[in-house]
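Q: Every number in the numbering used here is 15 more than the matching position in the sequence shown, counting from 1.
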Amino acid sequence: KMMPLETVGVLKLLSEQMMSELQAAINIPHMSVHPLFQQLRDKSSLVMHRICNTALGHKQLAPGDLLFMPGEQASCMYFLTTGRLWYRRSLPDENDEVEGKGEWVEADEDWITEPGIWLAEWEHLGSATATRPSSVIKLRSEHLYEVVRQCPPALCKFLKEYATRFLRWLDETEFEDLSDIFQGDLNSDLIMGFIPNSDNTDNMAGVSEESLKAAGENNFLGNQFRRMSRVFGSKGEEEG
Numbered sequence: 016k017m018m019p020l021e022t023v024g025v026l027k028l029l030s031e032q033m034m035s036e037l038q039a040a041i042n043i044p045h046m047s048v049h050p051l052f053q054q055l056r057d058k059s060s061l062v063m064h065r066i067c068n069t070a071l072g073h074k075q076l077a078p079g080d081l082l083f084m085p086g087e088q089a090s091c092m093y094f095l096t097t098g099r100l101w102y103r104r105s106l107p108d109e110n111d112e113v114e115g116k117g118e119w120v121e122a123d124e125d126w127i128t129e130p131g132i133w134l135a136e137w138e139h140l141g142s143a144t145a146t147r148p149s150s151v152i153k154l155r156s157e158h159l160y161e162v163v164r165q166c167p168p169a170l171c172k173f174l175k176e177y178a179t180r181f182l183r184w185l186d187e188t189e190f191e192d193l194s195d196i197f198q199g200d201l202n203s204d205l206i207m208g209f210i211p212n213s214d215n216t217d218n219m220a221g222v223s224e225e226s227l228k229a230a231g232e233n234n235f236l237g238n239q240f241r242r243m244s245r246v247f248g249s250k251g252e253e254e255g
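1. Okay, do the region 137 to 154 and the region 165 to 184 touch, 3+ Cβ pairs below 8 Å being the bar?
2. Nearest by alpha-carbon distance to Phe209: which of Glu191, Phe190 and Trp184 is it?
3. Looking only at its chain, what residues have a beta carbon closer than 7 Å to the beta carbon of Leu55, apart from the 5 residues adjacent to it on each side?
4. Using 8 Å as the Cβ pair cut-off and three pairs as the minimum, do the region 148 to 161 and the region 81 to 99 touch?
5. So, for Ser35: in the same chain, excluding its five sequence neighbours on each side, which residues have a beta-carbon less than 6 Å away from its beta-carbon?
6. If you reduce the DSSP assignment to three classes, tell me which class Leu185 lands in.
7. Pick helix, strand or coil for Gln88, following the three-state DSSP scheme.
8. By alpha-carbon positions, which one of Ala70, Asn212 and Phe83 ends up nearest to Tyr177?
9. If you check the beta carbons only, do Tyr102 and Gly72 fall under 9 Å apart?
10. Is it true that the CB of Trp126 sits closer than 9 Å to the CB of Pro197?
11. Near Leu82, what residues of its chain come up, given a Cβ to Cβ distance below 6 Å and the 5 sequence neighbours on each side ignored?
12. Please classify Thr179 as buried or exposed, where buried requires at least 16 other C-beta atoms within 10 Å of its C-beta.
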């Protein structure tokens, strides 16, 4: 079980800088299961430190506890650090929602609800239940936005490119094939393809936010960026 740092009295004796480094040392290894944050760690340790100290929260789950339910609004991305979750996808039915396929979520292998940090609105598509004592890291979208506001223009452009490619893929995927869960062993290569300058980048290079929004006007997503779109726009103007 992960013990919240604020409950450990002796840590109050640490300087702000040392506490920041401790937070990063604890959280970055768990977040690095996602290729974007692995790359971000290598590009800017300062940005990752800021994310760890201002944008993260932690949640403890007992066996049988729900992390989320179908239809709930998502504003966080989750990383499972200990334990195990069972995810059950729900599919819309004429009268009610019916259960779809289920899958296990493993600690330090998979990540959860990434669309929740890039889209203005994302409803959970299923339920996630702890099957043993579990701990998750919550990456909170609005706090991540505050960190992005402070990023240098080049790094902001890097994040915008990734988000745009990710959302285009999300938009083009059939609704029935979408999930809140991203299995690391199955999805890492796909995600690597969305990261600018990665070896696996496909022919989606140069996709603009405007073309993405235009393509999504009539679909179920709508492709509305979170408030980050304002940051991306202002950073682009500064860079130009």
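Ideal placement from N, C-alpha and C gives every residue a C-beta, glycine not left out.
A: Taking the coordinates as given:
1. Segments in contact, no.
2. The candidate whose alpha carbon is nearest that of Phe209 is Trp184.
3. Excluding positions up to five away in sequence, the list reads Val62 and Met63.
4. Taking 8 Å as the limit for Cβ pairs, the verdict is that the region 81 to 99 does touch the region 148 to 161.
5. Excluding sequence neighbours, Ser35 sits near His64 and Asn68.
6. In the displayed model, Leu185 falls within a helix according to three-state DSSP.
7. In the structure shown, Gln88 sits in a strand (DSSP, three-state: E or B).
8. Nearest C-alpha to Tyr177: Asn212.
9. The answer is no: Cβ separation not under 9 Å.
10. For the record, residue 197 in the displayed sequence is Phe; it is not Pro. Contact flag set, yes.
11. Once the five neighbours on either side are set aside, the close Cβ partners of Leu82 are Ala143.
12. It is buried - the Cβ of Thr179 has at least 16 other Cβ atoms within 10 Å.
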